[in-house]
Amino acid sequence: MSAATGTGEATLGRMAHLRPRLKPHVEAFRHVYRGLPWYVFHDRAAHRFYRVSRSGAEIVGAMDGRRSLGEICEGLDEAGRQPVDPQAAAGFVMQLGALGLLQRDGTPDPEAMAERKARERRRLLAAQLRTPLSFKLPLFDPTRLVDAILPWCGWMFGPLGVGLWLAAVLLGAVLGVMHWGALTADFTDRMFSAQNLMLAWLVYPVVKTMHEMMHAITLRRAGVEVRQVGLLFAAFIPVPYVDATASATLERKWDRILIDAAGILVELFLGAVALVLWSSSEPGLLRAICYNIIMISGFSTLLFNGNPLQRYDGYYILADLIEIPGLGTRSAAYLGYLFQRHLLGRAEARAPTATPGEKAWFVLYGPLSFIYRFGLMLVIALHVAEQYQAIGILLAAWSVAGYAWPMLAGAAKGVGGQQPRARRFRAMGGIGALAALILAVLFLLPAPHRLVVEGFVTVPEESVARPQVGAMVARLLVEDGATVAAGQPVAQLADPAVPAKVERMLARQAELEARYTRELSNDRVRAAIAGEALAQAGRELADARRDEAALLLRSPAAGRLVLATPAGDLPGRFLVKGEQFALIYRPEAALLRALVPMSAIDALRHRLQAVSLRPAYDTGAEVPATLLRIVPAATDILPSPVLSLDGGGPFAVTRDGGDQLRMEEPAYEVQLRPDHPLPVTYLNGRIHLRFDLGTEPLAWQLWRELRLVFLRHLHA
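Counting from 1, one number per residue, gives the positions in the sequence shown under the UniProt record's numbering.
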């Protein structure tokens, strides 16, 4: 008999005569998950919930405090149910006892109760230390308040409430699409200005209080208790919360989903109503309040509350939809089993109970959730460090340690302890092989190094038609899109002052010629002065005639005429001297202009191997290109509005005193030429340019990006 077997039989021998029973304050509820019956136990004293399989529930159902565990197992076998493994039953009962759900032989165990409370305090403290940027502050029991409000809220769950919600949200969605540009224009400046931040601090608690109140109302409507309301501090920002864990006792999953989604539903309704008011009101306090409600209830709710990778509403909605309660916890447990079984070589490691479909979710959800939450912690810490560098760095280090320490402790436990030498060597070999594989992938394996930026298609400056004189457009001489020859007239401009100036200068010239002729025979000094005036008048006349000739705007090159302004808007429009009137496009002479971050320009200069472009509207089409030049000096002037956020590009801009758009950070302009002719549909359109910079290990690429992030945020 092996040691393990002997220990198991000894445990069974000690427990066979126990007469366990559930404590009076433990309730059981039957649920069905993925077609299988399960039971949820609610410890009302500790307000904790536990899920038990049907076989475990049968054992619990037979525990009446009079029959011993051995008699219970025999009774279940005789009843013709699924065979009961006495050893597994003993382990199950031990787990129930460790959780504080059992009252053995009718006698409470004070020492065990004290140990459980101490263990729970240690668990909560460890969880808090792992997440220093988030903690809860319980306030009060809201049951009486919610019960007083509930009779006035019944209509919300009927046809009237559903219809009103649908109408408001659909109308809000339509208005959001119509006013998308106005909503997102200058978003950063509008949201984070000093005046708006104060207003947002006033609006935010109101919106979130209504969010949590809807959770509480939906819970009470379902007949479930609401035991606690409080404040959740996320990145030091207080957010109201309602303890809705009691919804786990509800049998129907759609009842649970409605409770999970209640807060999001009410915020979407608030956002839709605010959007209607915002679109129909004049600038002022009401419009500003509505704008903040839209941002809070729309974007923040969908990005945070609705995100299933965080333990907020979206997480519980997903868990109930796919019928996997405790998705995050069970995912971590399953990944821990895989680590112990396959990496540490522990053959006795027992896989958590799960169906094949659940295992797929565990493997997918666990890493994604970990990466997202860990990254979010670092982002928050970096933003704090921008204002308080020491505090931000401390929080970042604390967060990293909180996530890394459990993994390191688990690995140390796997290779240490009182284990046979062969098992320790197996564990050390597995961990070492995994570490070597990770290091090889990071530092030795060549990875493609690509730089992707956005640009636009234009023409060389010599193919841009610009008026040489400020004048109005009298009429177009060719249609938009027509093929023109170099020097061909394309538009007739009109400025009455130009012909008048020519006539005036002609008269002036005639007058000066007569004076010069008269003075030439009388006084040579005066004649010389008159001659200089005559020459100056001749030059001014030449300028006036040149302006008169410029009223007939000609094409500077041969190609296809593409007007900068719709043809219907041009007649009667005043053109400023040098303004872009039209582009003369030749597919073989198209010019690509793009902006490259300052941090990447060195690699672009020395490691470029190939370039390709894809239009923003058709990323499946790829065209090779050739780099012509890198403008030597960095600039903060945006070369085209299509690269701004409003135009769909990546750059946030501000306007200077004139019409120029200025970026927040300088960049280098690069100019390229496509290797194949581009159709005219590419002109003035956004493109994605991919620069192939060869290969480089991932570690160096990641280090460079992380260094830039720290330099940008910490100004180190």
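Don't be surprised by glycine CBs; every beta carbon is placed ideally from N, CA and C.
According to DSSP, which residues form a beta bridge with residue i?
i      : result
Ala594 : Gly455, Val670
Gly230 : Pro138, Tyr241
His42  : Glu27, Phe49
Glu696 : Ala447
Gly176 : Bridge partners of Gly176: none, in fact.
Phe304 : Per DSSP, none; premise fails for Phe304.
Ala465 : Ala582
Met663 : Val653
Asp64  : Arg21
Ser644 : Phe651
Thr209 : Answer is none; Thr209 lacks a bridge partner.
Phe691 : Leu451, Val611
Leu575 : Ala471
Please say whether residue j and residue i have beta carbons closer to each other than 8 Å?
i      : j      : result
Leu102 : Lys23  : yes
Leu638 : Met663 : yes
Leu689 : Leu592 : yes
Val623 : Asp675 : yes
Gly336 : Tyr315 : no
Asp320 : Arg220 : no
Pro587 : Leu678 : yes
Gly685 : Pro615 : yes
His31  : Asp43  : no
Ile630 : Tyr585 : no
Lys136 : Tyr241 : yes
Ala288 : Leu199 : yes
Ala471 : Leu575 : yes
Leu553 : Pro467 : yes
Arg34  : Gly65  : no
Val441 : Ala465 : no
Leu561 : Ala482 : yes
Ser247 : Val229 : no
Ile317 : Ala261 : yes
Leu534 : Tyr516 : yes
Trp165 : Leu69  : no
Is it right to say residue i is buried, meaning 16 or more other beta carbons lie within 10 angstroms of its own, or is it exposed?
i      : result
Glu267 : buried
Trp152 : exposed
Thr5   : Residue placement at Thr5 cannot be trusted, given a pLDDT of 38 that sits under 50; what the coordinates show is reported in the next sentence. With fewer than 16 Cβ atoms within 10 Å of its Cβ, Thr5 is classed as exposed.
Gln340 : buried
His342 : exposed
Glu532 : exposed
Arg21  : buried
Glu479 : exposed
Trp361 : buried
Pro448 : exposed
Ala148 : exposed
Pro325 : buried
Lys208 : buried
Pro566 : exposed
Ser521 : exposed
Gly106 : Its pLDDT being 48, under 50, Gly106 is placed unreliably in this model, and the value from its coordinates should be taken loosely. Result: exposed.
Trp703 : exposed
Over the uninterrupted alpha helix (DSSP H) stretch that includes residue i, give me the two end residues.
i      : result
Leu638 : From DSSP, Leu638 is part of no alpha helix (DSSP H); its letter is neither H nor E.
Leu285 : 285-294
Tyr334 : 327-338
Ser599 : Counting along the chain, Ser599 falls outside any alpha helix (DSSP H), and DSSP gives it neither H nor E.
Gly559 : First-last for Gly559: 559-563, but that is the beta strand (DSSP E), not the alpha helix (DSSP H).
Gly314 : 313-321
Asp147 : 143-149
Met505 : 497-522
Pro86  : 86-98
The beta strand (DSSP E) that contains residue i, what's its start and end?
i      : result
Ala474 : 471-476
Ala491 : 489-494
Phe269 : No beta strand (DSSP E) contains Phe269, which is instead part of the alpha helix (DSSP H) from 253-280.
Thr626 : 623-630
Ser612 : 610-615
Met554 : According to the sequence shown, residue 554 is Arg rather than Met. Run containing Arg554: 552-554, per the beta strand (DSSP E) assignment.
Could you tell me whether the stretch 492-503 touches the stretch 547-562, where touching means 3 or more Cβ pairs closer than 8 Å?
With a cut-off of 8 Å, the stretch 547-562 and the stretch 492-503 count as touching, because enough Cβ pairs lie within range.
Touching by the beta-carbon criterion (3+ pairs, under 8 Å), the stretch 505-523 and the stretch 454-466
Touching, no.
Assess contact between the stretch 167-174 and the stretch 261-280, defined as three or more Cβ pairs (one per stretch) separated by less than 8 Å. Is contact present?
The stretch 167-174, when compared against the stretch 261-280, does touch it at the 8 Å Cβ threshold.
Does the stretch 484-500 come close enough to the stretch 598-613 to have 3 or more Cβ pairs within less than 8 Å?
Output reads no: the stretch 598-613 does not touch the stretch 484-500.
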